[in-house]
Amino acid sequence: MPTSVALGTHFEEFVKVQVSSGRYNNVSEVVRDGLRLLQDQEDLRCAKLEWLRTELQKGLSSGPVTPLDMAEVRAEGQRLRAQRLAADQQA
Numbered sequence: 063m064p065t066s067v068a069l070g071t072h073f074e075e076f077v078k079v080q081v082s083s084g085r086y087n088n089v090s091e092v093v094r095d096g097l098r099l100l101q102d103q104e105d106l107r108c109a110k111l112e113w114l115r116t117e118l119q120k121g122l123s124s125g126p127v128t129p130l131d132m133a134e135v136r137a138e139g140q141r142l143r144a145q146r147l148a149a150d151q152q153a
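This note's numbering puts the last residue of the sequence shown at 153; the count rises by one with no breaks.
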């Protein structure tokens, strides 16, 4: 079933280059390949969005947040760094 689309000068030229380079046999192949890429991109976007929703729900279900004591966070980071440096020196 034939479909007519208006691509505009930029994309018309791009399609012509793709066909004349031999990469594609005709305009339809270029358009189909472009649509496949668009579909792949949309599928990936939907998967990422679903992952984000799942992770958000996990966070909401984990209970109330508790305040962080930045001094404790800093001390833990320094302890881990010292451990890593000591391990590197022993290796």
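Every residue gets a Cβ at the ideal spot worked out from N, C-alpha and C, and that includes glycine. The structure presented is a predicted model; accordingly, all values stated were derived computationally and were not measured.
Taking VAL77 and VAL67 to be in contact with their CB atoms under 8 angstroms, please state how far apart those CB atoms are, rounded to whole angstroms. Position 15 of the sequence shown holds residue 77. Position 5 of the sequence shown holds residue 67. Here VAL77 is actually not in contact with VAL67; their C-beta atoms are around 11 angstroms apart, not less than 8 angstroms.
Residues in the same chain with beta-carbon distance under 7 angstroms from GLN80, minus the five sequence neighbours each way, listed in chain order, please. To locate residue 80, count along the sequence shown from 1; it is residue 18. Excluding positions up to five away in sequence, the list reads TYR86 and VAL92.
Following the continuous alpha helix (DSSP H) through ALA150, name the residue where it begins and the one where it ends. Position 88 of the sequence shown, counting from 1, holds the residue named residue 150. One detail in the question is off: residue 150 reads as Asp in this sequence, not Ala. For ASP150, the enclosing alpha helix (DSSP H) has its first and last residue at 132-152.
Out of GLU75, LEU122, ASP131 and SER90, which has the shortest C-alpha to C-alpha gap to MET63? Indexing the sequence shown from 1 puts residue 63 at position 1. For MET63, the nearest C-alpha among the options comes from SER90.
Return the first residue and the last residue of the alpha helix (DSSP H) that ARG98 is part of. For the purposes of this step, residue 98 is taken as residue 36 along the sequence shown, with counting starting at 1. Element bounds for ARG98: 89-123.
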